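Residue numbers (my numbering), protein chains in the order written: chain A, 1 to 294; chain B, 1 to 305; chain C, 1 to 540.
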């Protein structure tokens with residue numbers, strides 16, 4: 001039986017030990033909530049502090065320090081073009097990577113779901129894609145840098161889209177494969193009898209039926225690209241700089257400008273937060289690449 | 001599997017023959033080929049290049065072939081061993097802590113007390129906060145004098161902890177940030193797995209024994225072993241790559257106390273421009289990851305059939 | 001009228017964010033800033049801008065610090081004036097500090113080079129010249145169409161940084177160096193003077209003249225409650241976090257132990273044993289693990305213990321804050337401390353900040369005889385620690401003349417001096433125009449008008465003047481190819497010694513061994529040549 005929080009409960013009247021456990025559970029929950037939210041709260045108040053206040057401890061605005069909007073003003077007006085440029089780049093790179101990963105990933109996922117391969121088994125192909133997630137970026141960053149430099153692709157969104165599409169393709173492949181498995185073969189057989197090609201079947205019949213997973217995989221791909229740092233840091237330096245690198249740019253010769261880190265952290269977390277909350281139902285399936293059904 | 005379109009496989013019903021089989025495989029590969037080629041171009045090929053780089057030494061005029069000399073030097077380089085030790089320790093502790101905390105949280109939330117839906121939604125946020133921003137922000141949180149954590153410790157009468165100026169505590173600091181960020185992942189997965197455990201089974205067990213510990217260990221855990229295993233492997237490979245947090249919080253210090261392998265590759269290759277040596281570190285990382293990958297394939301490969 | 005306007009500004013500020021005081025002060029400072037800038041602009045030499053430059057633009061890369069931050073600040077500030085002057089403009093690209101070397105090298109080496117000019121650290125000069133990435137600028141220095149910089153007024157050590165071999169490459173801009181800052185009120189307080197005398201058997205040195213004295217003073221102030229009962233009282237504040245330029249402290253401490261005057265008529269002559277620091281100029285053997293360096297590191301470790309243990313995690317901001325917030329009695333650092341101390345938003349010690357040039361040593365190491373010798377008096381060695389951010393022109397610049405015009409204009413006495421008096425620019429003093437009469441032409445009023453306390457300003461400027469122009473010897477600056485790799489090794493191993501992970505000698509041995517690897521990797525004979533060019537060694 002599921003209660004109104006969508007959590008399944010055991011039936012029956014709770015015993016006293018159960019009630020105690022509930023209290024403990026609630027306490028844990030509250031502590032955990034504080035723990036999860038504290039850094040965001042800290043970022044929020046730090047973004048409202050004068051630089052000198054940042055070095056002094058204070059928790060509560062107005063009571064312990066005078067809040068100021070000057071950091072926000074400076075970021076949004078003075079540095080506005082850089083900030084919005086960064087957000088724009090993050091968005092374009094995320095979108096680009098997502099589209100490429102989803103396009104190639106959906107095709108591959110469909111193939112893996114519907115065909116039995118010879119030579120290279122389905123399982124091998126799936127693991128080939130999955131192993132992407134295992135790969136340490138350190139192993140490919142140097143050649144990426146080297147070739148990007150040779151091909152004049154440094155500081156372009158293209159190269160970052162390419163890199164991030166590679167990193168997030170496993171999500172697309174494996175999630176879509178799962179989704180296609182869930183579509184009964186009968187739906188496709190009718191069209192096949194009518195003479196439609198596999199591609200047409202994919203596009204007209206199966207794909208629309210997997211829309212929720214499609215969106216979820218796309219969003220996971222987008223969100224992971226949004227926060228990617230190492231490749232963005234190494235491969236961009238002026239025109240293609242995304243938000244994650246702008247945050248790193250708050251470290252200047254005198255140290256980190258925490259007040260700007262905070263404003264940028266909050267600005268940077270907004271899009272993925274919104275977008276992820278939309279697809280939270282699919283988060284678990286997505287993050288475990290289909291191994292666990294959320 | 002009735003979901004395979006050509007359910008009877010490429011042999012078909014025998015009527016088509018070789019040309020049908022050929023067109024079947026052609027079609028099959030036309031779907032996966034683009035992805036396969038892409039991954040090859042952007043992964044396998046760069047990996048080969050990294051391997052090639054690891055056999056070179058980078059000087060003023062470019063690279064010089066030196067065979068395995070980089071690896072020989074790596075073997076006796078205490079900084080490499082220190083980074084390796086640090087990374088492995090980080091992985092082990094991070095995985096264990098996130099596992100324990102995440103599971104406890106999941107068990108607590110699974111009781112279904114009020115507010116769990118809200119909490120579950122909130123808990124997604126840490127995973128999508130930019131790690132480097134967290135690292136920088138963490139500097140102010142971990143301040144030895146005037147940081148909120150030490151402030152709270154002082155309030156309860158404990159001595160201030162040298163979070164960032166002592167080698168061992170610096171490791172704790174970067175672990176703290178990582179645990180904060182990734183516990184929700186474990187939590188959500190374990191929760192989902194717990195919720196897939198049939199309620200009737202647990203009720204039946206409850207009738208047998210009123211104490212929950214045996215129920216937990218004998219029934220629940222075995223049933224969620226699959227997802228738990230997946231989560232452990234995914235956490236291991238993610239933690240292994242750690243870079244953003246030491247880069248921002250400690251600069252790999254004090255000394256080399258928090259220098260991870262990826263940090264070493266970055267500094268050696270892209271700051272000091274010593275590409276050959278950096279590539280050799282990357283190759284070692286690759287080998288280690290392959291070991292984990294093989295273990296994973298053996299245990300879980302069948303789910304991808 | 002002006003007064004009424006600023007009152008309204010005050011009220012508005014009060015209503016909005018309750019920071020009225022800051023708001024009013026800021027408003028009148030802005031006016032003063034603008035009016036003095038206008039004056040400087042009017043007086044600065046302008047040469048003869050080429051009318052063909054109208055509408056053109058170039059790209060200049062620099063430190064990421066924003067429109068009111070260090071080094072990038074002046075670039076934003078002077079842009080409208082430059083546009084008025086020439087009709088041309090420029091685009092400022094900001095690069096995160098930690099990655100400047102990598103990004104700049106990447107750009108210069110790539111085909112689609114974007115940077116026409118770079119205002120970067122002087123330590124990159126070796127890589128630039130070795131790779132032929134920048135152009136010599138001798139031809140612009142005496143050409144009347146270009147704004148005339150007063151080259152003779154630049155302190156010799158900084159002038160040397162702008163040159164390489166026989167050519168000029170960089171334009172006068174920033175002049176970094178480290179000096180000692182200390183609390184004037186504490187040092188002149190009889191109570192502490194008496195206690196110090198009793199404990200150490202000599203008078204409290206005001207200021208400390210040697211590092212040994214500084215150590216005594218730091219230990220003393222670390223142990224007495226000069227800040228009030230129960231409050232933090234640290235002897236010294238150093239920025240020792242790895243990766244945050246902490247190694248410069250070590251270099252400054254080692255300098256007076258290592259750098260000795262050459263015998264004969266020219267004490268500044270670079271010989272195998274004199275006026276050298278990093279390597280033996282005959283074979284590039286690192287000197288870093290010899291006795292004077294060990295002594296310097298042990299001194300630094302002792303100094304670390306005479307302050308907060310958190311220093312190991314302090315970048316510049318935190319270390320300065322300990323001093324500016326009134327917790328530490330002394331601070332040894334770059335030229336940003338006094339300017340920051342004068343603003344209420346950043347400090348509580350305005351009016352109490354004394355400054356003195358870098359302490360020296362009573363004994364120096366004799367490299368030839370391999371023993372300590374007593375210095376005649378105190379061996380004083382100045383430093384140009386830091387980056388001394390200056391502009392260079394890329395070989396791939398599309399319009400190098402326009403870029404040279406801009407950089408030369410920024411280096412003219414009027415503009416450059418204005419930059420040094422207004423703290424936000426991060427430009428530090430280093431020419432005769434920045435120092436006071438009778439030596440230079442600056443007036444204390446320049447600083448007082450910019451908000452400085454009179455005595456603080458005098459101490460600050462005089463400290464740099466002494467160090468730049470009166471100190472007989474200078475710490476050689478490392479700027480050969482591979483400098484970042486050499487410095488990274490230094491930085492990391494120093495941090496290991498400071499954190500107690502290894503002994504001082506072992507840490508220095510590790511540095512020496514790393515340095516040998518780097519030198520070999522970059523080809524020893526080439527490095528020897530670059531090193532000699534960089535320090536001016538011609539044999540002997």
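Ideal placement from N, C-alpha and C gives every residue a C-beta, glycine not left out.
Nothing here was measured: the structure is a model prediction, and the numbers come from that model.
What separation, rounded to the nearest whole angstrom, lies between the Cα atoms of residue i and residue j?
i: residue 157 of chain C; j: residue 480 of chain C; result: 16 Å
i: residue 128 of chain B; j: residue 227 of chain A; result: 7 Å
i: residue 251 of chain B; j: residue 244 of chain B; result: 10 Å
i: residue 185 of chain C; j: residue 351 of chain C; result: 9 Å
i: residue 517 of chain C; j: residue 278 of chain B; result: 14 Å
i: residue 137 of chain C; j: residue 128 of chain C; result: 14 Å
i: residue 146 of chain C; j: residue 265 of chain A; result: 45 Å
i: residue 190 of chain C; j: residue 172 of chain B; result: 45 Å
i: residue 327 of chain C; j: residue 211 of chain C; result: 21 Å
i: residue 120 of chain B; j: residue 188 of chain B; result: 8 Å
i: residue 194 of chain B; j: residue 102 of chain B; result: 12 Å
i: residue 503 of chain C; j: residue 526 of chain C; result: 33 Å
i: residue 180 of chain C; j: residue 44 of chain B; result: 55 Å
i: residue 184 of chain A; j: residue 300 of chain B; result: 25 Å
i: residue 439 of chain C; j: residue 153 of chain C; result: 10 Å
i: residue 239 of chain C; j: residue 29 of chain C; result: 30 Å
i: residue 298 of chain C; j: residue 104 of chain B; result: 49 Å
i: residue 68 of chain B; j: residue 54 of chain B; result: 8 Å
i: residue 220 of chain A; j: residue 80 of chain A; result: 28 Å
i: residue 272 of chain A; j: residue 222 of chain A; result: 8 Å
i: residue 218 of chain A; j: residue 151 of chain A; result: 29 Å
i: residue 192 of chain A; j: residue 118 of chain A; result: 22 Å
i: residue 269 of chain B; j: residue 55 of chain C; result: 40 Å
i: residue 27 of chain B; j: residue 190 of chain B; result: 39 Å
Going by DSSP, what residue range makes up the alpha helix (DSSP H) through residue i?
i: residue 365 of chain C; result: From DSSP, residue 365 of chain C is part of no alpha helix (DSSP H) but of the beta strand (DSSP E) over 361-366.
i: residue 135 of chain A; result: No alpha helix (DSSP H) holds residue 135 of chain A; DSSP gives it neither H nor E.
i: residue 158 of chain C; result: 156-162
i: residue 458 of chain C; result: 454-465
Please report the residue range of the beta strand (DSSP E) in which residue i lies.
i: residue 65 of chain B; result: 62-65
i: residue 328 of chain C; result: 328-333
i: residue 61 of chain C; result: 57-63
i: residue 94 of chain C; result: 89-95
Quick check on DSSP: helix, strand or coil for residue i?
i: residue 243 of chain C; result: coil
i: residue 180 of chain A; result: helix
i: residue 31 of chain C; result: helix
i: residue 377 of chain C; result: strand
i: residue 126 of chain C; result: helix
i: residue 21 of chain C; result: Bear in mind that the predicted position of residue 21 of chain C carries a pLDDT of just 42, short of 50, making it unreliable; the figure below should be weighed with that in mind. Helix, per DSSP.
i: residue 371 of chain C; result: strand
i: residue 241 of chain A; result: coil
i: residue 135 of chain C; result: coil
i: residue 286 of chain C; result: strand
Would you mind giving the Cβ-Cβ distance between residue i and residue j, rounded to the nearest angstrom? I have them listed as a contact below 8 Å.
i: residue 231 of chain B; j: residue 186 of chain B; result: 6 Å
Using 8 Å as the cut-off, can you tell me whether the stretch 383-392 of chain C makes contact with the stretch 114-133 of chain C, which would need three or more C-beta pairs spanning the two stretches below that distance? yes
Under 8 Å: do the stretch 288-298 of chain C and the stretch 399-418 of chain C share three or more Cβ pairs, one atom per stretch? no
Counting beta carbon pairs with one atom in the stretch 208-219 of chain A and one in the stretch 63-82 of chain C, are three or more of them shorter than 8 Å? no
Whether or not the stretch 258-271 of chain B and the stretch 141-158 of chain B are in contact is what I'm after, with contact meaning three or more pairs of Cβ atoms, one per stretch, closer than 8 Å; do they touch? no
Do the stretch 198-209 of chain B and the stretch 275-291 of chain B touch if we need at least three Cβ pairs shorter than 8 Å? no
So, do the stretch 252-259 of chain C and the stretch 372-383 of chain C have three or more beta carbon pairs nearer to each other than 8 Å? Contact between the stretch 252-259 of chain C and the stretch 372-383 of chain C is present, with at least three C-beta pairs closer than 8 Å.
Does the pairing of the stretch 262-281 of chain C with the stretch 207-226 of chain C give three or more beta-carbon distances under 8 Å? no
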